[in-house]
Amino acid sequence: MCSQAPDCRVLIAEDTADVRDLLCDALQSSGFTVTAVQDGTQAVEALGSQAFDVLVTDFAMPGHDGLQVAKACKRQRPGAKVIMLTAWDLWLKDSDCAESGVDMLMPKPVRLPALVAALRSLSQSSSG
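Put into C-alpha cells, the structure is as follows:
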C-alpha cells in the first residue's frame, strides 16, 4: 500500500465530468498518481488491467454502481482501500457498504481536504 502519496495509485470512478476533473486535479496536486474513468463499467475494466491502491468511487453511476465496483476492486486486489462518495448516504445501509468492501463513505459534496486526509489515513493504516 502507499504510505507516501507519490507511491499511491488512485482510481477515480465518477460519472459527472466536472466533479471527476476536480477530484483528479486535487489528488494529483497532492502527489497521488491518478487514473479516472467515467462510469462503473470502465472502472471494473481498469481494475482488471491495472493495479490501484485506493478506489474512490461514486455510488450512482451508469454501468455498475459503486457497490458493484467496490466488490470488483476487492476481488482484484483485496488489500486495496475503497472510498465511496455519494449524495445518497442517508439511504445506503452500512451493511451493504461493508459487504461490498467499502472502507469509508463520504458524503457529497466532497470536501477536498477531507478526501486527501482520508486517502492518506487509509493508506497509512494499511501499510503498517
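With the working numbering applied, the sequence shown corresponds to residues 136 to 263, in that order. Ideal Cβ placement from N, Cα and C applies to all residues, glycine included.
Q.
Based on DSSP bridge pairs, tell me the residues matched to P242.
A. Here residue 242 corresponds to residue number 107 of the sequence shown, with the count starting at 1. According to DSSP, which records beta bridges pairwise, P242 is partnered with T221.
Q: Closer than 6 Å by C-beta to K209: which residues in its own chain qualify, once you throw out the five before and the five after it? Chain order, please.
A: Numbered from 1 along the sequence shown, position 74 holds the residue referred to as residue 209. Excluding residues within five positions, the ones whose Cβ falls inside 6 Å are G236.
Q. Just how far apart, CA to CA, sit F187 and Q211?
A. As a working note, residue 187 is residue 52 in the sequence shown. As a working note, residue 211 is residue 76 in the sequence shown. Taking the straight line joining both Cα atoms gives about 10 Å.
Q: From the DSSP output, in three-state form, read off D229 for me.
A: Taking the first residue of the sequence shown as position 1, residue 229 is located at position 94. The answer is helix: DSSP assigns D229 an H, G or I state.
Q: Tell whether a beta-carbon distance below 8 Å holds between V179 and V145.
A: Sequence index remark: in the sequence shown, residue 179 carries index 44 (1-based). Sequence index remark: in the sequence shown, residue 145 carries index 10 (1-based). It is not a contact, given that the beta carbons lie outside the stated cut-off.
(Q) Within 10 Å of its beta-carbon, does Q183 have 16 or more other beta-carbons around it, so buried, or fewer, so exposed? (A) By 1-based counting over the sequence shown, the position of residue 183 is 48. Residue 183 is actually Gly in this sequence, not Gln. Exposed is the call here.
**Q.** Nearest-angstrom Cα separation, counted from D193 out to Q177
**A.** Looking up residue 177 in the sequence shown gives position 42. Looking up residue 193 in the sequence shown gives position 58. Roughly 13 Å between the two C-alpha positions.
Q. Among A207, L202 and H199, which has the Cα closest to the Cα of Q185?
A. Within the sequence shown, residue 185 is the residue found at index 50, counting from 1. Checked all of A207, L202 and H199; the closest Cα to Q185 is A207.
Q: Return the CA-CA distance between R255 and V189, expressed in angstroms with no decimal places.
A: For the purposes of this step, residue 255 is identified with residue 120 of the sequence shown, where counting begins at 1. For the purposes of this step, residue 189 is identified with residue 54 of the sequence shown, where counting begins at 1. C-alpha separation (whole angstroms): 10 Å.
Q: Following the continuous beta strand (DSSP E) through A215, name the residue where it begins and the one where it ends.
A: For the purposes of this step, residue 215 is taken as the residue at position 80 of the sequence shown. Element bounds for A215: n/a, residue is neither H nor E.
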